[in-house]
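If you read the sequence shown in this note's numbering, its first letter stands for residue 20, the second for the next number, and so on.
Note that CB positions come from ideal geometry on N, CA and C, so glycine has one too.
The structure displayed is predicted, hence computed values, not measured ones.
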Amino acid sequence: MNKNDCKIVQDLLPNYIDKLTNEYTNEFIERHLNECSECKKIYDKMKKQIDLNFQIDDKEIKPMKKINKKVKIMGILILILAIVVAISLYINYKSSYLFDAKTGKIYGSDIQVSNDRNVLIEYNSNYNDIDIDTAIVLTLDNNICKNARLIETPNNGKAKESLEYKYSIINSKNSGAYSNGNFSEKLELSYNYNMWNGKSLEDILKELDEYELNVIEY
């Protein structure tokens, strides 16, 4: 047997095992392996070693693939959760200012549909270190106020004491300007301001002209 053929075949074996050789080369190698036991032993040993290395690499790669897949799934779930939370907070914010014009009660998450026009007015007042954030919800019919609901949030101790005092006035029998007062666990005071009923939105905004207002229609 030609020893040169053995050298050629042995040089080609790695490419042959990786299926990188062409059809004619494959025929030459296979014919030689059938005739040469020495080259056949080298081939079997080489193929066994390559297969073993592949199995080891595959065992190492599979766990990494699983980890990467879990990371991707976790990222998607976190993104979905963030979107749901953002939408929930937005709905909660908007719905917290919706109310029943007849009773003056503020809705929670149960948003009720109304044909009336609703306007939200927000501003901050600070007198003698009494810092209060105020949100006013107006229900308008042809631009005339049917109901005004105020929600006041204290930002310091003096503001809290001021709202507690106002709450006592609202719930007294002598109060005509205020009604339906509620002091929540969040220290927010909410009540109806009856003096604006029958007034236009423009007149109400004029009365609040001294404040920097944020007016939102919805």
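By the criterion of at least three beta-carbon pairs nearer than 8 Å, the region 167-177 is in contact with the region 146-157.
In the displayed model, cysteine 55 falls within coil according to three-state DSSP, outside both helix and strand. Under the 10 Å beta carbon count, valine 90 is surrounded by fewer than 16 other beta carbons and is classified as exposed. In the three-state reduction of the DSSP assignment, lysine 218 falls in the coil class.
When rounded, the separation of the alpha-carbon atoms in leucine 232 and leucine 206 is 22 Å. Just so you know, the alpha carbons of leucine 227 and leucine 139 end up roughly 13 Å apart. Comparing C-alpha distances from methionine 214 to each of Ala178, Lys26, Ala196, Glu221 shows the shortest one belongs to Ala196. In this chain, the beta strand (DSSP E) harbouring glycine 200 covers 197-202.
Taking all protein chains shown into account, glycine 217 has fewer than 16 neighbouring C-beta atoms within 10 Å of its C-beta and is therefore exposed. With respect to the C-alpha of asparagine 199, the residue from Ala167, Glu180, Asp30 having the closest C-alpha is Ala167. Apart from the 5 residues on each side of it in sequence, cysteine 164 sits with its Cβ closer than 6 Å to the Cβ of Leu157, Trp215, Asn216, Lys218 in its chain, given in chain order. The beta carbons of serine 144 and tyrosine 210 sit no closer together than 8 Å. Taken through DSSP and simplified to helix, strand or coil, asparagine 162 comes out as coil. In this structure, the CA atom of alanine 178 is about 11 Å from the CA atom of leucine 208.
Burial check for lysine 185: the Cβ neighbour count within 10 Å reaches 16 or more, so the residue is buried. In the DSSP assignment, valine 156 forms a beta bridge with Leu139, Arg168.
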